[in-house]
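In our numbering, the protein residues as written are 776 to 1027. Only one structure is covered here, and it is reproduced in the block below.
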Ligand SMILES: [Zn+2]
């Protein structure tokens, strides 16, 4: 049993005992970690601010027999706008849920940590929340070995530059040509422009993301294709998608 220090982002928290919270963290040095924050449910707790959703902390943790306990926390960025703006909250919740579902405990991946942190910054600062989220999905898929195949048909390797009717197959993990469309009856149509934007999102520097112009049609196509692909990989529904959908309906 020992003390350890790491940067961490709060993905989830649960009520745990009368005064405590159980926190799911994504840490820079240990990947996903579950830890107890003693007394965090009391408003005067010195840990209360640091265990708010999406908060970025420098933590000192105590490794117990089964669970870690948060011993000290120093807030590096509270990302307050992610909790005060409902839309930002919805998208940040989705990011947190995706990271939680796609990672296992104590498997370090600094690139995933850096991606999550950079994307929370982007959401917090504003910009197009949908595009920021699509960027995150594609980059996470890439980091975890699920990069979708875009240049060639994932089934028959045919070059797609001259192919007009493209579909995205979640099961196959990429674009398929018309001849291969029978392999996945649920494959979704997408325009060539959308395929080009997916490619761009896989390489673009996140600092230049706000300069990327994405037509509404592509935004709509990607908002279906990518969450669907993510859900098909984990074979599970991502619950925060309903939150995003509800807000979008209220807005329009
Ligand atoms: Zn094909």
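For every residue, glycine included, the Cβ atom is placed at its ideal position computed from N, Cα and C. Quick caveat: nothing in here was measured; it's all calculated off a predicted structure.
Review point. Under a criterion of Cβ closer than 6 Å to any non-hydrogen atom of ligand 1, which residues qualify, in chain order?
Key: For ligand 1, the selected residues are 928, 930, 931, 933, 951, 952, 954 and 955.
Practice item. State whether the segment 943-953 contacts the segment 887-895, with contact taken as three or more CB pairs (one from each stretch) at a distance under 8 Å. Key: Not touching, per the Cβ criterion.
**Study point:** Nearest residue (CA-CA) to residue 802, options 981, 777, 832 and 795
**Key:** Out of 981, 777, 832 and 795, the CA that lies nearest to the CA of residue 802 is found in 832.
Review point. Using 8 Å as the Cβ pair cut-off and three pairs as the minimum, do the segment 838-851 and the segment 809-824 touch?
Key: The segment 838-851 is in contact with the segment 809-824.
Practice item. Inspect the CB distances between the segment 985-1005 and the segment 850-862 and report whether three or more fall short of 8 Å. Key: They do not touch, by the three-pair rule.
Practice item. For residue 914, I'd like the list of residues in its chain whose CB is within less than 6 Å of its CB, leaving aside the five on either flank, ordered along the chain. Key: Answer for residue 914: 890, listed in chain order.
Exercise for review: Over the uninterrupted alpha helix (DSSP H) stretch that includes residue 1006, give me the two end residues.
Suggested key: Annotation for residue 1006: the continuous alpha helix (DSSP H) segment containing it runs 991-1009.
Practice item. Taking residue 786 as part of the beta strand (DSSP E), name the residues at either end of that continuous run. Key: Counting along the chain, the unbroken beta strand (DSSP E) around residue 786 starts and ends at 778-791.
**Study point:** For residue 849, three-class secondary structure by DSSP
**Key:** Correct three-state label for residue 849: strand.
Point to revise | Beta-carbon gap between residue 779 and residue 842 smaller than 7 Å | key: No, Cβ-Cβ distance for residue 779 and residue 842 is not below 7 Å.
Practice item. Using DSSP bridges, identify the partner residues of residue 844. Key: Looking at the DSSP output, residue 844 bridges to 811 and 837.
Review point. Does DSSP put residue 800 in a helix, a strand or coil?
Key: Residue 800 carries a strand assignment under DSSP once its states are collapsed to helix, strand and coil.
Review point. If you check the beta carbons only, do residue 918 and residue 956 fall under 7 Å apart?
Key: No, Cβ-Cβ distance for residue 918 and residue 956 is not below 7 Å.
Exercise for review: Pull up the DSSP beta-bridge partners for residue 806, would you.
Suggested key: Bridge partners of residue 806: 802.
Practice item. Could you name each continuous alpha helix (DSSP H) segment of 4 residues or more that falls completely within the segment 901-977, going from the start of the chain to the end? Key: Qualifying alpha helix (DSSP H) stretches, in chain order: 904-918.
Check your understanding: Of the residues 876, 968, 936 and 1026, which one's Cα is nearest the Cα of residue 1011?
Key -> Checked all of 876, 968, 936 and 1026; the closest Cα to residue 1011 is 876.
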